[in-house]
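Each residue of the sequence shown is one higher than the one before, counting from 274 in our numbering.
No residue lacks a Cβ here, since even glycine has one placed at the ideal position from N, Cα and C.
Quantities reported herein were computed from a predicted structural model and do not represent experimental measurements.
Worksheet: one structure, shown below.
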Amino acid sequence: MTDLDITSSRLTADTGFADALLKTGALTDEEARAVSEHQAKTGLSFDEAAVALTLATEEDVVLARQALQGSLALQLAPSAAVSDEVIVLSDPTSPDAESLRLLRTQIIAQHVGAGRRAFAVCGATDGSGATYIAANLAVALSQVGIKTLLVDANLRNPRIDAIFGIDPNGPGLSTYLSLEVNRPERVVYPNVLPNLSVVPAGPPVGRPQELLSGARFRTGVDILLRQHDVAIFDTPATNENSDALTVAGVLGYALVVARRNHAFVKDVQTLSSQLVASRATVIGSVLNEYS
274 MTDLDITSSR LTADTGFADA LLKTGALTDE EARAVSEHQA KTGLSFDEAA VALTLATEED
334 VVLARQALQG SLALQLAPSA AVSDEVIVLS DPTSPDAESL RLLRTQIIAQ HVGAGRRAFA
394 VCGATDGSGA TYIAANLAVA LSQVGIKTLL VDANLRNPRI DAIFGIDPNG PGLSTYLSLE
454 VNRPERVVYP NVLPNLSVVP AGPPVGRPQE LLSGARFRTG VDILLRQHDV AIFDTPATNE
514 NSDALTVAGV LGYALVVARR NHAFVKDVQT LSSQLVASRA TVIGSVLNEY S
């Protein structure tokens, strides 16, 4: 089992209603924080606190509850092709899944809600769990009705295809970057799960760094973002090559992932500095702990 320690600032509100009310537009992220503080002081439930502060109506609560019930139904009906590694589907009531939903709430409130619609998930070292975080976060976002795109930009050692039961020899990001198809939409696998589409890495190619640095990658990102609410890019470990820095630089934002007792503090600091130098803003960090 794994345990997540989320080290960026967090919302302490009930994550289910917070996500639902944010998604429906009933609350802003600042209002959600105010509700959370009032909840902590009064002991009210999140929805009761929101109504007490007149930041949400009873109708808002009903709509949010309906949205939440719909997302829970999706969590309890995973696709048979999806790996058990997607813990928000395989074990949705576990502490790990709850930690990932908390991360989802942060991403919605602080990133997606601010109009920042794409980011790279970057591991400080090999085995940090970046792919695990990227896959689970993408599914978690899709579960609350956000049209999500998960892109495997790890062209050297991809794993997203295996996690979602996609043919590793089928078309993917490398197919588009290598000019084998004209449009990036042709390598998108739509509705792998409700509200979740996937672009796998595709067949192995030479020169991945050169391909990711090219104008074609930037153009593809722009086109795909027009069709999705948010896009998450999985990337290879930054201690092995600079692909992740290139991808993060194009997207402008990155989520840093490290593994306890595997990566040193200096590894994370180095990665954060490299991301800033690559013109990418670090939107948060996640610490994986394996036992």
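What did DSSP end up calling residue i once you bin it into helix, strand or coil?
i      : result
Thr554 : strand
Asn561 : strand
Ala531 : strand
Gln348 : The predicted position of Gln348 is uncertain, since its pLDDT is 44 and thus under 50; no value can be drawn from it.
Phe437 : coil
Val324 : helix
Glu331 : helix
Ala305 : helix
Ser546 : helix
Arg432 : coil
Ala299 : coil
Ala313 : helix
Gln342 : Bear in mind that a pLDDT of 49 at Gln342, under 50, signals an unreliable position, so the number given afterwards is only what the model happens to contain. Gln342 falls in the helix class under three-state DSSP.
Leu452 : coil
Gly443 : coil
Arg499 : coil
Pro457 : helix
Gly479 : coil
Phe490 : helix
Ala510 : coil
Phe319 : helix
Roughly how many whole angstroms lie between the Cα atoms of residue i and residue j?
i      : j      : result
Ala413 : Val361 : 7 Å
Leu446 : Ile496 : 13 Å
Gly443 : Glu304 : 45 Å
Ser356 : Glu513 : 26 Å
Gly386 : Gln312 : 22 Å
Thr543 : Asp434 : 30 Å
Leu345 : Gly479 : Confidence in Leu345 is poor, its pLDDT being 44 and thus under 50, which makes the residue's placement too unreliable to answer from.
Gly522 : Glu483 : 14 Å
Leu326 : Leu317 : 11 Å
Glu358 : Gly418 : 21 Å
Val454 : Val308 : 49 Å
Gly475 : Gly388 : 29 Å
Asn561 : Lys539 : 16 Å
Gln348 : Asp364 : Reliability of the predicted coordinates at Gln348 is poor, the pLDDT of 44 falling under 50, and the value obtained from them is presented with this limitation in mind. Near 9 Å, if we compare the C-alpha coordinates of Asp364 and Gln348.
Gly493 : Arg456 : 8 Å
Gln500 : Val472 : 13 Å
Leu548 : His384 : 17 Å
Leu451 : Phe490 : Note that residue 451 is Ser in the sequence shown here, rather than Leu. For Ser451 and Phe490, the distance between alpha carbons rounds to 10 Å.
Ala337 : Leu294 : 6 Å
Asn464 : Ser415 : 10 Å
Pro481 : Val555 : 23 Å
Asp333 : Ala322 : 13 Å
State the CB to CB distance for the pair residue i and residue j, rounded to an integer number of angstroms; the pair is presumed to be in contact (CB under 8 Å).
i      : j      : result
Leu423 : Ala408 : 7 Å
Phe392 : Tyr526 : 4 Å
Leu410 : Leu376 : 6 Å
Thr508 : Val520 : 5 Å
Asp292 : Thr366 : Between Thr366 and Asp292 the Cβ distance is about 16 Å, and since that is not below 8 Å, they are no contact.
Ser558 : Val529 : 4 Å
Leu300 : Arg390 : Leu300 to Arg390, Cβ: 20 Å. No contact.
Arg432 : Thr404 : 5 Å
Ile439 : Tyr462 : 6 Å
Ala426 : Phe506 : 5 Å
Ser401 : Ala531 : 5 Å
Asp302 : Lys420 : The pair is not a contact, with the Cβ atoms about 20 Å apart (cut-off 8 Å).
Could you name the residues that DSSP lists as bridge partners for residue i?
i      : result
Leu484 : Partner(s): none; Leu484 has no beta bridge.
Tyr462 : Val471
Ala504 : Ala391 and Leu422
Tyr526 : Thr554
Handout entry: 4-residue-minimum alpha helix (DSSP H) runs that sit fully inside the stretch 352-423, ordered along the chain
Key = 360-363, 368-383 and 403-415
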